[in-house]
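As given, the protein sequences belong to chains H and V, one line each in that order. The numbers in the numbering used here rise by one with no breaks, and the one at position 195 of the first sequence is 195. The numbers in the numbering used here rise by one with no breaks, and the one at position 115 of the second sequence is 345. Note that beta-carbon positions come from the ideal geometry of N, C-alpha and C, so glycine has one too. A quick note: this is a predicted structure, and the numbers were derived from the prediction, not measured. Reviewing the structure listed below.
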Amino acid sequence: MKSLKILISLIVFALFLSAGVVNSVSADEKEGKALVESKKCGSCHKMQGPPDKTIADVLKRKAPDLFYAGSKFKKEWLEGFLQKPTMLRPAGTVYLNNIKMGEKKDEIGDVKPCASALSQKEAHEVTEYLMTLKEPTMKAGVIVDDKFSKAKAKVLFGQKEGCSGCHRDKADSGGTSCPTLYNAGERLNPDWIFDFLKNPQKYDPKIWMPRRELSDEDFILLAKLIASMK
Amino acid sequence: MKKVSLIGLSVMFLGLMITPLALAEKAEDNYKLYCFQCHGSKGNGGGINAAALSTAPRDHTSATEMKKLTDDNIFTAIKEGGAAVSKSTFMPPFKSILTDDEIKEMVKHLHKLCNC
Numbered sequence: 001m002k003s004l005k006i007l008i009s010l011i012v013f014a015l016f017l018s019a020g021v022v023n024s025v026s027a028d029e030k031e032g033k034a035l036v037e038s039k040k041c042g043s044c045h046k047m048q049g050p051p052d053k054t055i056a057d058v059l060k061r062k063a064p065d066l067f068y069a070g071s072k073f074k075k076e077w078l079e080g081f082l083q084k085p086t087m088l089r090p091a092g093t094v095y096l097n098n099i100k101m102g103e104k105k106d107e108i109g110d111v112k113p114c115a116s117a118l119s120q121k122e123a124h125e126v127t128e129y130l131m132t133l134k135e136p137t138m139k140a141g142v143i144v145d146d147k148f149s150k151a152k153a154k155v156l157f158g159q160k161e162g163c164s165g166c167h168r169d170k171a172d173s174g175g176t177s178c179p180t181l182y183n184a185g186e187r188l189n190p191d192w193i194f195d196f197l198k199n200p201q202k203y204d205p206k207i208w209m210p211r212r213e214l215s216d217e218d219f220i221l222l223a224k225l226i227a228s229m230k
Numbered sequence: 231m232k233k234v235s236l237i238g239l240s241v242m243f244l245g246l247m248i249t250p251l252a253l254a255e256k257a258e259d260n261y262k263l264y265c266f267q268c269h270g271s272k273g274n275g276g277g278i279n280a281a282a283l284s285t286a287p288r289d290h291t292s293a294t295e296m297k298k299l300t301d302d303n304i305f306t307a308i309k310e311g312g313a314a315v316s317k318s319t320f321m322p323p324f325k326s327i328l329t330d331d332e333i334k335e336m337v338k339h340l341h342k343l344c345n346c
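Structure follows, in structure tokens:
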């Protein structure tokens with residue numbers, strides 16, 4: 001009888017604790033949401049869908065869309081980035097707006113990284129909020145961290161599917177019209193990589209990355225390769 | 231008064247009918263956003279990605295080069311990618327972005343670029 005009482009009070013105590021934890025998380029989220037507004041992240045980034053549907057609108061884009069940030073990014077990376085942003089796209093968000101058009105060849109003009117400069121506490125709160133912005137159709141748990149044929153994946157990425165034509169897979173080689181991938185493993189959620197590769201136009205109908213028609217097996221290989229780039 | 235609102239309604243109706251058509255982009259704009267990155271702003275192969283490609287992007291301004299290709303060949307290269315016409319896989323397939331009609335307009339645009 002006595003032990004039952006103890007058990008019940010323990011359960012009540014545990015419930016109390018977990019409710020407290022849930023509460024403190026949503027407090028961070030709330031702070032984060034308020035910060036996103038007061039820091040005007042939305043003046044450059046779309047914080048809500050739908051994505052741009054015409055080229056004219058894409059050309060007005062100042063920064064990447066964030067309304068599925070919680071599916072796309074790894075939490076730890078996001079928290080660091082928001083304190084000290086690094087360059088992700090060598091030619092900026094919309095390369096077409098940042099090139100100097102030459103007679104013989106084009107050059108990349110001036111590009112700046114993200115303007116976010118949050119303190120550690122602010123970055124934590126904003127990250128908690130951004131992680132709640134999900135792409136509802138993305139499946140979780142597709143890409144598991146196990147062995148895969150890196151050699152086969154590299155042939156797909158290079159010769160077969162020409163991914164390196166637009167993306168840098170090393171700091172000093174690869175295309176420059178879109179995000180660098182040589183450190184993508186630190187940045188991107190592997191399940192999101194797979195979902196994005198299967199249909200980039202689902203996320204961004206006018207994005208200048210054509211969809212490749214590959215088997216799920218090949219998409220998984222590519223996603224694992226990119227997730228391993230650190 | 232009644233007439234005015236009737237006219238207003240038919241204009242709105244027409245507007246709705248036209249909207250799907252308006253979604254097609256001009257070939258010139260498609261070329262800028264999707265092709266400049268490799269083929270360059272002049273179309274001569276001088277895009278910012280060109281250095282990363284093991285095969286140079288076709289010079290769309292060269293009449294000698296472009297005359298070697300039939301319209302069907304150009305259409306297939308753009309829609310299905312270089313591999314479909316036994317060319318470099320660095321030329322991507324654009325069927326997930328451009329409609330058949332947009333690709334047909336693109337073929338015409340390329341004729342303008344090479345003046346041929």
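Report the rounded CA-to-CA distance for H/M229 versus H/E186, giving the unit in angstroms. As a first step, residue 229 of chain H is located in the first sequence; it is residue number 229 there, counting from the start. As a first step, residue 186 of chain H is located in the first sequence; it is residue number 186 there, counting from the start. Whole-angstrom Cα-Cα distance: 8 angstroms.
List the DSSP bridge partners of H/K100. In the first sequence, the residue the question calls residue 100 of chain H occupies position 100. In DSSP, H/K100 forms a bridge with H/E107.
7 angstroms Cβ cutoff met for H/K72 and H/W192: The residue labelled residue 72 of chain H in the question sits at position 72 within the first sequence. The residue labelled residue 192 of chain H in the question sits at position 192 within the first sequence. Yes, Cβ-Cβ distance for H/K72 and H/W192 is below 7 angstroms.
Are V/S316 and H/P210 closer than 7 angstroms when you measure CB to CB? Taking the first residue of the second sequence as position 1, residue 316 of chain V is located at position 86. Taking the first residue of the first sequence as position 1, residue 210 of chain H is located at position 210. The answer is no: Cβ separation not under 7 angstroms.
Using DSSP bridges, identify the partner residues of H/K170. On the first sequence, residue 170 of chain H is found 170 positions in, with the first residue counted as 1. H/K170 pairs with H/S173.
Determine, for H/G174, whether the minimum Cβ-Cβ distance to residues of chain V falls below 7 angstroms. The residue given as residue 174 of chain H occupies position 174 in the first sequence. Residue contact check for H/G174 against chain V: a CB pair falls below 7 angstroms.
According to the neighbour-count rule (16 or more other Cβ atoms, all chains shown, within 10 Å of its Cβ), is H/P136 buried or exposed? Residue 136 of chain H sits at position 136 when you count from the first residue of the first sequence. H/P136 comes out exposed.
Run the CB neighbour count on H/L118, radius 10 Å, all protein chains shown included, and call it buried at 16 or more, exposed below. Along the first sequence, one-based indexing puts residue 118 of chain H at 118. Residue environment: H/L118 is assigned as buried (16 or more neighbouring CB atoms within 10 Å of its CB, all protein chains considered).
Please return the same chain residues whose Cβ sits closer than 8 angstroms to the Cβ of H/K33, not counting the five positions on each side in sequence. Looking up residue 33 of chain H in the first sequence gives position 33. Around H/K33: Y129.
Name the residues in the segment 153 to 177 of chain H whose C-beta lies less than 7 angstroms from a C-beta of chain V; which are they? Answer set for the segment 153 to 177 of chain H: Q159, K160, E161, G162, S164, G165, C166, S173, G174, G175, T176, S177.
How far does the alpha helix (DSSP H) with V/N260 in it reach, from first residue to last? Counted from its first residue, the second sequence places residue 260 of chain V at position 30. V/N260 -> alpha helix (DSSP H) spans 257 to 260.
Residue range of the alpha helix (DSSP H) that H/E161 falls in? As a first step, residue 161 of chain H is located in the first sequence; it is residue number 161 there, counting from the start. Note, H/E161: premise wrong, no alpha helix (DSSP H); not H, not E.
Of all Cβ atoms in chain V, is any one closer than 7 angstroms to the Cβ of H/R89? Residue numbering aside, residue 89 of chain H sits at position 89 when the first sequence is read from its first letter. Closer than 7 angstroms: no.
Using 7 angstroms as the limit for Cβ to Cβ distance, is H/R211 near chain V? Translated into the one-based positions of the first sequence, residue 211 of chain H becomes position 211. By this cut-off, H/R211 is an interface position.
Would you call the segment 167 to 185 of chain H in contact with the segment 260 to 279 of chain V, where contact means no fewer than 3 C-beta pairs closer than 8 angstroms? Touching, yes.
Whose C-beta lies closer than 7 angstroms to the C-beta of V/N260 among residues of the same chain, with five residues either side of it excluded? As a first step, residue 260 of chain V must be located in the second sequence, where it is residue number 30. Listed in chain order, the non-local C-beta contacts of V/N260 below 7 angstroms within the same chain comprise L328, E332, M336, local neighbours out to five positions each way being set aside.
Is it buried or exposed, V/L244, if we count other Cβ atoms within 10 angstroms and call 16 or more buried? By one-based count along the second sequence, residue 244 of chain V stands at place 14. For V/L244, the predicted model reports a pLDDT of 48, less than 50, meaning its position is unreliable; a value from the coordinates is still stated below. V/L244 is exposed by the Cβ-count criterion.
Which term fits V/G275, buried or exposed, when burial requires 16 or more other beta carbons within 10 angstroms of its beta carbon? Along the second sequence, read from residue 1 onward, the residue named residue 275 of chain V stands at position 45. So V/G275 counts as buried.
Could you tell me which uninterrupted beta strand (DSSP E) segments, each at least 3 residues in length, are contained entirely in the segment 63 to 99 of chain H, listed from first to last along the chain? The qualifying runs do not exist here; there are none.
Flag V/N279 as yes if its beta-carbon sits less than 7 angstroms from any beta-carbon of chain H, otherwise no. Numbered from 1 along the second sequence, position 49 holds the residue referred to as residue 279 of chain V. Yes, V/N279 lies at the interface with chain H (some Cβ there is under 7 angstroms from its Cβ).
Assess, as a yes-or-no matter, whether the segment 140 to 154 of chain H is touched by the segment 111 to 125 of chain H under the definition of 3 or more beta carbon pairs within less than 8 angstroms. Because the criterion of three Cβ pairs below 8 angstroms is not met, the segment 111 to 125 of chain H and the segment 140 to 154 of chain H do not touch.
What whole-angstrom Cβ distance do H/K74 and H/N189 have, given they're in contact under 8 angstroms? Taking the first residue of the first sequence as 1, we reach residue 74 of chain H at position 74. Taking the first residue of the first sequence as 1, we reach residue 189 of chain H at position 189. Right, the Cβ-Cβ distance comes to about 6 angstroms (below 8 angstroms), so this counts as a contact.
Rank H/S149, H/K104, H/L96, H/Q48 by C-alpha distance to the C-alpha of H/D65 and give the top, closest one. The residue you call residue 65 of chain H lines up with position 65 of the first sequence. The option with the nearest alpha carbon to H/D65 is H/Q48.
Short CB-CB distance (under 7 angstroms) between V/L251 and chain H: One-based indexing of the second sequence puts residue 251 of chain V at position 21. Note that V/L251 scores 45 on pLDDT, short of 50, meaning its location in the model is unreliable and no value can be drawn from it.
CA-CA distance, H/K30 and H/T127? Your numbering for residue 30 of chain H matches position 30 in the first sequence. Your numbering for residue 127 of chain H matches position 127 in the first sequence. The straight-line gap from Cα to Cα measures roughly 11 angstroms.
Give me the residue from H/P51, H/A115, H/K147, H/E76 with the minimum Cα distance to H/K202. As a position in the first sequence, residue 202 of chain H is number 202, starting the count at 1. Of all alpha-carbon atoms in H/P51, H/A115, H/K147, H/E76, the one lying nearest the alpha-carbon of H/K202 is that of H/P51.
Distance cutoff 7 angstroms, beta carbons only. Does H/W208 sit that close to anything in chain V? On the first sequence, position 208 is the one that residue 208 of chain H refers to. Cβ-Cβ to chain V under 7 angstroms: yes for H/W208.
Please return the same chain residues whose Cβ sits closer than 6 angstroms to the Cβ of V/P323, not counting the five positions on each side in sequence. By 1-based counting over the second sequence, the position of residue 323 of chain V is 93. Same-chain partners within the cutoff: E310, G311.
Kindly list, in the order they appear in chain V, the residues whose Cβ is closer than 8 angstroms to that of H/D106. Counting from 1 along the first sequence, the entry for residue 106 of chain H is found at position 106. Under the 8 angstroms cutoff, chain V gives F266, G270, S271, G276, G277, I278.
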